[in-house]
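J.: Structure provided below as structure tokens; questions to follow.
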Amino acid sequence: MEANILVVNCGSSSLKLAVFNSRLEKIVSALAERLDTDEAFARIAGVDEPTALPSGASHQTALRALMDAFRNQGTLKQDPAAIGHRVVHGGETFREAALLDEDVIKSITDCSGLAPLHNPVNLSGISATRNLYPHVPQVAVFDTAFHQTLPPRAFHYALPEAYYRDWAVRRYGFHGTSHYFMSREAARLLDRTPATTSIISAHLGNGCSISAIRDGISVDTSMGLTPLEGLVMGTRSGDVDPGLFDFLAGKGIPASEVHEVLNKESGLLGLSGQSNDMRSLCDLADHGHKPSELAIDVFCFRLAKYVGAMMASLTTLDALVFTGGIGENSSRVRHQTLSHLRLLGFELDHDLNNCNGLYSDGRIDSASSRFPVLVIPTNEELVIAREALRLAETTQTV
Ligand code: ADP
């Protein structure tokens, strides 16, 4: 019978599952949201009827319910042969994906201080699948791992050296699985090998980051110690003056509150006062809503500045690549961003840009552009499934 690979992505109140076959084709996926609340619900992609969850369902309850539903549907006929987990922070310990055992779980737990909102939730997903499938090999794929190749000049903050030595304060970068996928997919589309392809990859979803990838290796990225640094995001501010903390302390706002505001009430939401959703902001801006127009403007200008900054790490550029919900779908954001970069020679083809590169192998640049510009749908689940299969095969149980 066919071996299946289960991919698990645990958020604080959500659980995303995807099942792949051994040819790495996705056969089913599902999403559970509002877990641990009385509004918990789950839905299998392509199925109208939601999957019933008890009120207050935990990640483990949702996992069991969805796996049962996959079985009842006939999409999963046996236990998965391998399970891959998205884990946000691997610190300096993990430069690549790892087969889960007690030592690896301890190291992920040790990294929780660097990602208190993410690693503990990822660990609860791991514990749920280990309870349900104790004999199935499980693999952790880290958001930070691809960026472990950053050179010291790119990962050090200009802070007292003891902060790095004693507390591992440095830039780590995130979205690594997506940036890795972009670099491989861009090479394929450009008919090159990854090891000779250099790109700037912009992942623009609710979280946003940009990376310089030189000859297939990450050499700079916009996110830092935490996923707050860098670009403007849905609700995250990206870069601000660190002096803001002291200034706001003088107004009676404690650091913990500023941190909360920078993460949850800033970015597109903070600027527009309306929404963190780029599609809604584009509609609002089209109807003359000035704060939404400003939010898009700040978003694109910051992104353009970072494209320029990423150039400092490259000697050649084979493509600028856009991905994520905004990067893949918003011709307006791509156009507005590149309009700031005419000096660098980026030029878009209006029609290809409006079609999101769908009919041109992802290409949206004009014939006279100095550099290719591509739109590539990201596929982090595929990378996680591939890594889970590869490492599970080393245990020879698949
Ligand atoms: P996540 O980081 O949660 O995976 P996504 O990659 O799905 O998020 O990206 C979500 C963002 O993509 C939202 O801001 C959404 O408005 C935006 N988006 C999706 N489709 C479009 C579109 N057609 N035009 C503009 N923005 C879009």
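Every number in our numbering is 1327 more than the matching position in the sequence shown, counting from 1. Virtual Cβ for every residue (Gly too), placed ideally from N, Cα, C.
(1) Need the endpoints of the beta strand (DSSP E) that Q1465 sits in, please.
(2) Three Cβ pairs or more, each shorter than 8 Å: is that satisfied between the region 1554-1572 and the region 1533-1546?
(3) Could you name the residues of the same chain whose beta carbon sits closer than 7 Å to that of A1612, not counting the 5 residues immediately before and after it, in chain order?
(4) Identify, in the order they occur along the chain, each residue of the same chain with its Cβ nearer than 8 Å to the Cβ of L1477, setting aside the five sequence neighbours on each side.
(5) By how many angstroms is the C-alpha of I1580 removed from the C-alpha of L1571?
(6) Would you give the residue range spanned by the alpha helix (DSSP H) that H1300 belongs to?
(7) CB-CB under 7 Å to T1523, same chain, minus the five flanking residues each way: which ones, in chain order?
(8) So, using beta-carbon positions, are A1646 and I1526 closer together than 8 Å?
(9) Out of curiosity, what's the CA-to-CA distance linking S1607 and G1551?
(10) Can you list, in chain order, the residues of its chain whose CB lies under 6 Å from that of G1600, leaving out five sequence neighbours each side?
(11) Could you tell me if D1470 is buried or exposed, where buried requires 16 or more neighbouring beta carbons within 10 angstroms of its beta carbon?
(12) Take D1437 as the anchor and find which of H1586, R1457 and F1421 has the nearest alpha-carbon.
(13) Going by other Cβ atoms of all chains shown within 10 Å of its Cβ, with 16 needed for buried, is H1474 buried or exposed?
(14) Which runs of the beta strand (DSSP E) at least 3 residues long sit entirely within the region 1396-1451? Give them in chain order.
(15) On the three-state DSSP scale, how would you describe V1710?
(16) Measure how close the beta-carbons of P1381 and F1368 come, nearest whole angstrom, since I'm counting them as under 8 Å.
(17) With a threshold of 7 Å (Cβ to nearest heavy atom), would I1727 be considered close to the ligand ADP?
(18) With a threshold of 7 Å, establish whether the CB of M1605 neighbours any heavy atom of the ligand ADP.
(19) Let me know if P1464 comes out buried or exposed under the rule of 16 or more other beta-carbons within 10 Å of its beta-carbon.
(20) On the DSSP bridge list, what partners appear for C1535?
(21) Mind checking whether V1414 and E1714 have CB atoms under 8 Å apart?
(22) Around the Cβ of A1694, are there at least 16 other Cβ atoms within 10 angstroms (buried) or fewer (exposed)?
(23) Taking DSSP as the reference, what is the three-state secondary structure of C1627?
(24) Taking 7 Å as the line, does the beta carbon of N1446 fall inside it for any heavy atom of the ligand ADP?
(25) Have a look at G1440 and V1702 and give me their C-alpha separation to the nearest angstrom.
T.: Let me spell this out:
(1) Q1465 to F1469
(2) yes
(3) S1619, E1620 and I1623
(4) R1498, G1500, S1545, V1546, D1547 and T1548
(5) 11 Å
(6) In the structure as shown, the chain starts at 1328 and stops at 1725, and residue 1300 therefore has no counterpart that could be examined.
(7) D1542
(8) yes
(9) The straight-line gap from Cα to Cα measures roughly 28 Å.
(10) P1618
(11) buried
(12) F1421
(13) buried
(14) 1409-1414
(15) helix
(16) Incorrect: roughly 11 Å between the Cβ atoms, too far for contact.
(17) Look at the range of the chain in this structure, 1328 to 1725, and you will see that residue 1727 is not part of it.
(18) Result yes, Cβ under 7 Å from the ligand ADP.
(19) When all chains shown are included, P1464 counts as buried.
(20) DSSP, once it has assigned bridges, lists L1531 as partnering C1535.
(21) Not closer than 8 Å, so no.
(22) exposed
(23) helix
(24) No, the beta carbon of N1446 sits no closer than 7 Å to any heavy atom of the ligand ADP.
(25) C-alpha separation (whole angstroms): 35 Å.
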